[in-house]
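By my numbering, the letter at position 51 of the sequence shown is numbered 51, and the numbering carries on one by one without gaps.
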Amino acid sequence: MKRIILIAFAVLLVTPLGATAQRTQKPVLHGKHWIAITGKPMAATAGSMMYQRGGNAVDAAAAMLAATATMWDVLSWGGETQALIYHPGEKRVIALNALGAAPAGATPEYFRDKGYEFPPEYGVDAMITPGTPGGLITMVAEWGKLSLADILAPAIEMTEGYPVEAGASRQIQGEAERMKEWPYTASVFFPDGGDGPEAGEIFVQEDLGSTLRKLVEAEADALAQGASR
1 MKRIILIAFA VLLVTPLGAT AQRTQKPVLH GKHWIAITGK PMAATAGSMM
51 YQRGGNAVDA AAAMLAATAT MWDVLSWGGE TQALIYHPGE KRVIALNALG
101 AAPAGATPEY FRDKGYEFPP EYGVDAMITP GTPGGLITMV AEWGKLSLAD
151 ILAPAIEMTE GYPVEAGASR QIQGEAERMK EWPYTASVFF PDGGDGPEAG
201 EIFVQEDLGS TLRKLVEAEA DALAQGASR
């Protein structure tokens, strides 16, 4: 009898917990005219701003990519981008593969001469040619409606200072010792020589902002000279 009571009690305990877990799942989202979804609330806001400016889904996706790459070091401007774009007029799906290629000088001989048996995991010699900038610009040029100035505006504003998320703070602080091996990286992430930004601390990336502004200026100059998208 005791065993039956204990089992029944266990079922009573498990059932509410399961129901609670189900209720805390992310809800299905619906939109009447448009929707902007990404893992970062600030980036989703950037996407919604593009719709409000008259942009389409590609503009929103590009703005969200730009914002996410600015605030999340795992998905950065130095990385790669893949996208699937549905073209309603042509009723087809377009695949964009903006993978970064290895630099032309990254030959086996180059790494052997530097004492590597294999290409390193960290540092300048581990880098690829960034694919994300070209992928984003291609998306906007081929299928977007807004200018690059519109698309990058939220990301540029973020480079002037945004509150670091807890996850990014943990990642930066967890890799602090290795990151401090490179002076420039240290100057960006550890300007005061500490362990890195705390969650909620305002993080500034002046050089990234300057780079993004140069992309905007390049588009404006090209259009002024008669180039088309």
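Beta carbons: idealized from backbone N, C-alpha and C, even for Gly.
Pull up the DSSP beta-bridge partners for residue i, would you.
| i | result |
| --- | --- |
| V93 | Y86 |
| T107 | None; T107 has no bridge partner. |
| T81 | A98 |
| F203 | Y162 |
For my contact list, residue i and residue j are in at a C-beta cut-off of 8 Å; report their separation, rounded to the angstrom.
| i | j | result |
| --- | --- | --- |
| M127 | G78 | 7 Å |
| T132 | A98 | 6 Å |
| A155 | V216 | Between V216 and A155 the Cβ distance is about 10 Å, and since that is not below 8 Å, they are no contact. |
| A46 | A67 | 4 Å |
| W72 | A186 | Actually they are not in contact, since the Cβ atoms of W72 and A186 sit about 20 Å apart, beyond 8 Å. |
| A199 | A166 | 4 Å |
Comparing alpha-carbon positions, which option in the options lies nearest residue i?
| i | options | result |
| --- | --- | --- |
| L100 | K91, R92, T81 | Correcting the residue identity first, residue 100 is Gly in this sequence and not Leu. It is T81 whose Cα lies nearest to the Cα of G100. |
| V74 | G89, R170, T45, I37 | R170 |
| A153 | V124, L208, P120 | L208 |
| E160 | G196, I151, T138, L212 | L212 |
| A60 | A168, A218, A227, M139 | M139 |
| I94 | G135, D221, I37 | G135 |
| R53 | K214, I37, P197, I151 | I151 |
| I137 | A227, A106, A62 | A62 |
| D125 | A199, W182, Q225 | W182 |
| S244 | Q25, D195, E157 | The requested residue 244 does not occur in the structure, where the chain is confined to residues 1 to 229. |
Answer with buried or exposed for residue i, where buried requires no fewer than 16 other C-beta atoms within 10 angstroms of its C-beta.
| i | result |
| --- | --- |
| Q205 | buried |
| I172 | buried |
| L65 | buried |
| E201 | exposed |
| A104 | exposed |
| E219 | buried |
| A19 | Residue confidence is low: A19 scores 49 on pLDDT, short of 50, so the model does not pin down where it sits. Its coordinate-derived value is still stated next. Exposed, by the Cβ-count rule. |
| Y122 | exposed |
| Y162 | buried |
| P191 | exposed |
| V58 | buried |
| I37 | exposed |
| G39 | exposed |
| P197 | buried |
| V164 | buried |
| A222 | exposed |
| L44 | The sequence as given places Ala at residue 44; Leu does not occur at that position. A44 comes out buried. |
| K214 | exposed |
| G226 | exposed |
| F203 | buried |
Review point. So, do the region 170-179 and the region 143-151 have three or more beta carbon pairs nearer to each other than 8 Å?
Key: no
Check your understanding: Below 8 Å, can you find three or more Cβ-Cβ pairs linking the region 73-92 to the region 109-118?
Key -> no
Point to revise | Three-pair Cβ contact test at 8 Å for the region 113-120 versus the region 25-33 | key: no
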